[in-house]
Amino acid sequence: MSRRKVSVEDKIYAVNLYLDGKESQRRIAHMFDVSLASVQQWIRNYESMGANAFTLKGNKKYSKELKQQAVLDFLAGYGSQDDICKKYGIRSKAKLQIWIKKYNGHEELKSSGTGGIIIMTKGRKTTFEERVEIVQYCIAHDRNYAQTAEQYQVSYQQARNYIVKYEAGGVEALRDNRGKRKRPDEMSELEKLRAEVKILKAEKARAEMEASFLKKLEEIERRRG
Numbered sequence: 009m010s011r012r013k014v015s016v017e018d019k020i021y022a023v024n025l026y027l028d029g030k031e032s033q034r035r036i037a038h039m040f041d042v043s044l045a046s047v048q049q050w051i052r053n054y055e056s057m058g059a060n061a062f063t064l065k066g067n068k069k070y071s072k073e074l075k076q077q078a079v080l081d082f083l084a085g086y087g088s089q090d091d092i093c094k095k096y097g098i099r100s101k102a103k104l105q106i107w108i109k110k111y112n113g114h115e116e117l118k119s120s121g122t123g124g125i126i127i128m129t130k131g132r133k134t135t136f137e138e139r140v141e142i143v144q145y146c147i148a149h150d151r152n153y154a155q156t157a158e159q160y161q162v163s164y165q166q167a168r169n170y171i172v173k174y175e176a177g178g179v180e181a182l183r184d185n186r187g188k189r190k191r192p193d194e195m196s197e198l199e200k201l202r203a204e205v206k207i208l209k210a211e212k213a214r215a216e217m218e219a220s221f222l223k224k225l226e227e228i229e230r231r232r233g
């Protein structure tokens, strides 16, 4: 926390001193009598949001989807907390740390300031048939994991994992064989075919929607031309 109030102009000046390679972060913290963490936050916010980062009033609102994706990106190793804050425009690293703690504790993440729609963070056991339906629904809805999780009352991570499994190994990858020896007759060709057809229908419908959209877009552009 800052030990004194620093003006917007001074924050911008301080950040530019660092970005121009004229001063170190520690030296800037000493110059402005603030903590090193404060200087790092100024730099991160400036790189993410520009000078506007220092003029925003009140608490910034974050959507449930942004919170969830930021947490998942960090847990998946896609960057440090500083990197994730910069990527998603999160003004305080402490906020990201709170969201991570909530997620790991299976608490609900909601949109800031609105009450928000609940994002399921605690998973539940699902059957093979449910997993096929979840993949079908998720593909049909543009891989909206949050919406799929809410629709089927599973966790966001479950919805995402089912899509990843299906894309890597097809329908059979959705079968849960943990702790059991797989029998040759465990999944008949007919079962596989029925499940594949369900998902392929969703993929076809999605592709047709995209093709229709592109066709309409081309028509609009032709009229304008």
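According to the working numbering, the sequence shown is numbered sequentially starting from 9.
Yeah, the Cβ is synthetic: ideal placement off N, Cα and C, and Gly gets one too.
None of the values given here were measured: they were computed from a predicted structure.
Exclusion of the five residues before and after Gln49 leaves Arg99, Ser100, Lys101 as the residues of its chain whose Cβ lies within less than 8 Å of its Cβ.
Taking the C-beta atoms as reference points, Lys206 is found nearer than 8 Å to Gln144. In the structure shown, Ile92 falls within a helical segment according to DSSP collapsed to helix, strand and coil. Straight across, the Cα-Cα distance linking Ile51 with Tyr96 is about 14 Å. Pairing Val79 with Arg230, the inter-Cα distance amounts to about 43 Å. With respect to the 8 Å criterion, Gln165 and Gly131 are classified as neighbours on the basis of their beta carbons. Between the alpha carbons of Thr135 and Glu226 lies a distance of about 43 Å. For Tyr170, the enclosing alpha helix (DSSP H) starts and ends at 164-177.
In the structure shown, Leu64 falls within a coil segment according to DSSP collapsed to helix, strand and coil. Across the set Asn60, Gly29, Lys19, the C-alpha of Lys19 shows the shortest separation from the C-alpha of Ser43. Just so you know, the alpha carbons of Leu201 and Asp91 end up roughly 44 Å apart.
For Ala78, the enclosing alpha helix (DSSP H) stretches over residues 72-83.
Within the same chain, Gln33, Ile36, Ala37 come within 6 Å of Val47 by CB-CB distance, once the 5 residues on both sides are set aside. A check of alpha carbon separations from Ala157 across Ala167, Ala203, Gln105, Asp150 identifies Ala167 as the nearest. Ranked by how close their Cα comes to the Cα of Gly178, the residues Val140, Phe62, Leu25, Lys209 have Val140 in first place. Under the three-state reduction of DSSP output, Tyr86 falls in the coil class, being neither helix nor strand.
Counting of Cβ neighbours within 10 angstroms places Leu83 among the exposed residues, the total staying below 16.
Non-local C-beta neighbours of Phe40 in its own chain, meaning closer than 7 Å and more than five positions away in sequence, comprise Val14, Asp18, Ala22, ordered along the chain. Taken atom to atom, the span from the alpha-carbon of Ser88 to that of Ile106 is near 15 Å. Each residue's CA atom was taken as its position, placing Lys223 and Ala215 some 12 Å apart. For Gln161, the secondary structure class from DSSP, reduced to helix, strand or coil, is coil. Counting along the chain, Arg139 sits inside the alpha helix (DSSP H) bounded by residues 136-148.
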